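Novice: Dropping the structure in here first, questions after.
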Amino acid sequence: MSTDVNALMSAIADIGTDPKRGGYSRPVYSDAELTLREWFVAEAQARRLDVRTDRNGIIWAWWDLPLAGGGVAPRQGALVTGSHLDSVPGGGAFDGPLGVASALAAVDLLKQRETTGALKRRRPLAISVFPEEEGSRFGVACLGSRLLTGAIAPERALNLTDAEGITFGEAIRKNGLDPALVGHDPDTMRLIGDFVELHVEQGRGLNTPGFTAPDGAQPPVAVGSSILGHGRWRLSVHGQGNHAGTTLMTDRADPMVAAAQIVLAVKQAAAAREGARGTVGRVEPVPGGTNVIASRVDLWLDVRHPDDAVTAALVEEIHRRARELAAAEGCTMTMTEESYSRTVHFTPDLTRALQDAVRRGTPRAPVLDTGAGHDAGVLASAVPSGMLFVRNPSGISHSPEEHVEPSDADAGVLALADALEALL
Ligand code: HGY
Ligand code: MN
Ligand code: MN
Ligand code: MN
8 MSTDVNALMS AIADIGTDPK RGGYSRPVYS DAELTLREWF VAEAQARRLD VRTDRNGIIW
68 AWWDLPLAGG GVAPRQGALV TGSHLDSVPG GGAFDGPLGV ASALAAVDLL KQRETTGALK
128 RRRPLAISVF PEEEGSRFGV ACLGSRLLTG AIAPERALNL TDAEGITFGE AIRKNGLDPA
188 LVGHDPDTMR LIGDFVELHV EQGRGLNTPG FTAPDGAQPP VAVGSSILGH GRWRLSVHGQ
248 GNHAGTTLMT DRADPMVAAA QIVLAVKQAA AAREGARGTV GRVEPVPGGT NVIASRVDLW
308 LDVRHPDDAV TAALVEEIHR RARELAAAEG CTMTMTEESY SRTVHFTPDL TRALQDAVRR
368 GTPRAPVLDT GAGHDAGVLA SAVPSGMLFV RNPSGISHSP EEHVEPSDAD AGVLALADAL
428 EALL
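Take 8 as the starting number for the sequence shown in my numbering and just add one per residue.
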């Protein structure tokens, strides 16, 4: 059992590699993600944590608090830290797993501190691993934490389908869960007092000159302050499928041509609004033949902004423009919202406590917002939640180029251990 976060990360470096896309493809309940779950359970049990999986497929590894008179303290109001193991297609090594591996390594540090008497815990601690944080297989991000908190209705979740048409209900049944039991779980929510997620930084926050110390060093760790509101919309452009060779250019209603203009319109509309992000990262022509004019094109829109009202206005503008562009090509267009998460501001008291603790090891740790969604953002609707970010010198994420220096990963574990100690 290694207490070194970099050794823990190396141990899983070959799981779910994607030779075609590069990086990692670890969709929820795929062989790769199931292998990572087994790895986590084994590492947790090697630390004598009590591991269980709840009805929503969330794994909880408990470090109970022994009572003087024997037995252990009730798990109500525990301190919880964790993240996710699933990835986007062709994702980086750190998005998710770094938070899980750092939690294991932080528990090792805290156990040492408890042994020397430096740490006197007042409550139990749990490490949690949330399924389908990326929403890469079933289309809704943070599906596990949304089910737990009641942010998504079980019927809707169970009927979500993946690219093969397998429903979420079928996938969890195949993995030993009862679809009839998924959904809001107040009993499990009561176990959580505070939640802290460590995550690789996914933007350029820690890389921007603003955080370069006079000696040129840059803080390797930051504390999270907020998560931008973000949502996903599916646009379907319907045209006339036809033969690429026998159909004159004047006789076409080509949804691909409309879709291409819609992608451009998304970029223009988002670029015109300070701080907005608008992305179309997935386009699926039907039937998708080289010599075939598509009959339909599905495209997925991701829009984010710190102000939910701006996001709504931007999405409305894109909706209107997309309808116009489709009509100009003789096509029709429908748009449906698949998920939306409002901007989350983490609990100020908790953020301050995290910052004070983290600054013991990283004196200049800044407070940063993030444009990436996280389970901490979903849990924040129900319990005090906060985040720590570890520097990613590439400033790139959701890509094989995502990176964390080993020394920064160590600084992240120290920061997490200090933060957890302050809250335990
Ligand atoms: O999409 C996101 O922001 C997160 O990585 N799921
Ligand atoms: Mn993540
Ligand atoms: Mn991600
Ligand atoms: Mn996350």
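Here a beta-carbon is modelled for each residue, glycine too, at the ideal position from N, C-alpha and C. Quick caveat, the model's predicted, so the values are computed rather than measured.
Return the chain-ordered list of same chain residues with a C-beta closer than 7 Å to the C-beta of Val290, the five sequence neighbours on each side being excluded.
Specialist: Indexing the sequence shown from 1 puts residue 290 at position 283. Contacts found: Ala266, Val304, Leu306.
Novice: Leaving out the 5 sequence neighbours to the left and right, which residues in its chain are closer than 7 Å to Val351 when beta-carbon positions are compared?
Specialist: Stepping through the sequence shown from its first residue, residue 351 is reached at position 344. Excluding residues within five positions, the ones whose Cβ falls inside 7 Å are Ser233, Ile234, Gly384, Ala387.
Novice: For a test of your reading of the model: does the CB of Ala158 fall under 6 Å from any non-hydrogen atom of ligand 1? Yes or no.
Specialist: Along the sequence shown, read from residue 1 onward, the residue named residue 158 stands at position 151. Every heavy atom of ligand 1 is 6 Å or more from the Cβ of Ala158, so no.
Novice: Hey, which residues come within less than 5 Å of ligand 2, measuring from Cβ to any heavy atom, in chain order?
Specialist: Asp102, Gly103
Novice: Taking 7 Å as the threshold (C-beta atoms), are Ala158 and Phe175 in contact?
Specialist: Along the sequence shown, read from residue 1 onward, the residue named residue 175 stands at position 168. Along the sequence shown, read from residue 1 onward, the residue named residue 158 stands at position 151. For the pair Phe175 and Ala158, the CB atoms are not nearer than the 7 Å cut-off.
Novice: For Trp240 and Glu336, I'd like the C-alpha separation in whole angstroms.
Specialist: Residue numbering aside, residue 240 sits at position 233 when the sequence shown is read from its first letter. Residue numbering aside, residue 336 sits at position 329 when the sequence shown is read from its first letter. Answer to the nearest angstrom: the Cα atoms are 21 Å apart.
Novice: Considering just the uninterrupted stretch of the beta strand (DSSP E) at Phe137, what are its terminal residues?
Specialist: Taking the first residue of the sequence shown as position 1, residue 137 is located at position 130. Per DSSP, Phe137 belongs to the beta strand (DSSP E) from 132-137.
Novice: Can you tell me whether DSSP reads Asp93 as helix, strand or coil?
Specialist: For the purposes of this step, residue 93 is taken as residue 86 along the sequence shown, with counting starting at 1. Residue state, collapsed to three classes: coil.
Novice: Can you tell me where the beta strand (DSSP E) holding Met8 begins and where it ends?
Specialist: Taking the first residue of the sequence shown as 1, we reach residue 8 at position 1. From DSSP, Met8 is part of no beta strand (DSSP E); its letter is neither H nor E.
Novice: Below 7 Å CB to CB, which residues in the same chain sit around Gly103 once its five sequence neighbours on both sides are set aside?
Specialist: The residue you call residue 103 lines up with position 96 of the sequence shown. The residues are Ser90, His91, Leu92, Asp93, Ser94, Glu140.
Novice: So the candidates are Ala422, Arg328, Glu324; which of them puts its Cα closest to the Cα of Asp363?
Specialist: As a working mapping, residue 363 is identified with position 356 in the sequence shown. If we check each option's Cα against that of Asp363, Ala422 comes out closest.
Novice: Ligand 3 and Glu40: does any heavy atom of the ligand fall closer than 6 Å to the residue's C-beta?
Specialist: Position 33 of the sequence shown, counted from the first residue, corresponds to residue 40. For ligand 3, not one heavy atom lies less than 6 Å from the Cβ of Glu40.
Novice: Just to confirm, is the Cβ distance from Ala51 to Val58 under 7 Å?
Specialist: Numbered from 1 along the sequence shown, position 44 holds the residue referred to as residue 51. Numbered from 1 along the sequence shown, position 51 holds the residue referred to as residue 58. Ala51 places its beta carbon less than 7 Å from that of Val58.
Novice: Should His206 go down as buried or exposed, given a rule of 16 or more other Cβ atoms within 10 Å for buried?
Specialist: Here residue 206 corresponds to residue number 199 of the sequence shown, with the count starting at 1. Residue environment for His206: buried (at least 16 other C-beta atoms within 10 angstroms of its C-beta).
Novice: Using only alpha-carbon positions, find the residue among Ala278, Arg180, Glu121 that is nearest to Trp70.
Specialist: Along the sequence shown, read from residue 1 onward, the residue named residue 70 stands at position 63. Nearest of Ala278, Arg180, Glu121 to Trp70, Cα basis: Glu121.
Novice: What is the rounded straight-line gap between the Cα of Leu431 and the Cα of Ala360?
Specialist: As a working note, residue 431 is residue 424 in the sequence shown. As a working note, residue 360 is residue 353 in the sequence shown. Rounded to the nearest angstrom, the two C-alpha atoms are 12 Å apart.
Novice: Does the distance from the C-beta atom of Arg82 to that of Leu271 stay below 7 Å?
Specialist: For the purposes of this step, residue 82 is taken as residue 75 along the sequence shown, with counting starting at 1. For the purposes of this step, residue 271 is taken as residue 264 along the sequence shown, with counting starting at 1. Not in contact: Arg82 and Leu271 (Cβ atoms no closer than 7 Å).
Novice: Does any heavy atom of ligand 3 sit closer than 6 Å to the C-beta of Glu171?
Specialist: In the sequence shown, the residue the question calls residue 171 occupies position 164. Checking every heavy atom of ligand 3 against the Cβ of Glu171, none is found closer than 6 Å.
Novice: Pick out the complete alpha helix (DSSP H) segments inside the segment 251-300, 4 residues or longer, and give them in chain order.
Specialist: Assignment of alpha helix (DSSP H) within the segment 251-300, counting only whole runs of 4 or more residues, yields 262-278 in chain order.
Novice: Within its chain, find whatever has a CB closer than 6 Å to the CB of Tyr347; leave out the 5 residues flanking it on each side and keep chain order.
Specialist: Sequence index remark: in the sequence shown, residue 347 carries index 340 (1-based). The residues are Gly238.
Novice: Would you decide whether His405 is buried or exposed? Buried here means 16 or more other CB atoms lie within 10 Å of its CB.
Specialist: In the sequence shown, residue 405 corresponds to position 398, counting from 1. Buried.
Novice: Shortest alpha-carbon distance to Val189 belongs to which of Arg211, Leu154, Thr168, Asp382?
Specialist: For this step, residue 189 is matched to residue 182 along the sequence shown. Checking every option, the nearest Cα to that of Val189 belongs to Leu154.
Novice: In this structure, how does DSSP classify Glu460 when only helix, strand and coil are distinguished?
Specialist: As shown, the chain starts at 8 and ends at 431. That puts residue 460 outside it, with no answer to give.
Novice: Ignore the nearest five residues each way along the sequence and tell me which others in Arg60's own chain have a CB closer than 6 Å to its CB.
Specialist: As a working mapping, residue 60 is identified with position 53 in the sequence shown. It is Thr, not Arg, that sits at residue 60 in the sequence shown. Contacts found: Ile66.
Novice: What does the Cβ neighbour count give for Gly296, buried or exposed, with the cut at 16 atoms within 10 Å?
Specialist: Working through the sequence shown from its first residue, we reach residue 296 at position 289. Counting C-beta atoms within 10 angstroms of its own C-beta, Gly296 has fewer than 16 neighbours from the protein chains shown and is therefore classed as exposed.
Novice: Bridge partners for Tyr36 per DSSP, in chain order?
Specialist: Along the sequence shown, read from residue 1 onward, the residue named residue 36 stands at position 29. DSSP, once it has assigned bridges, lists no residue as partnering Tyr36.
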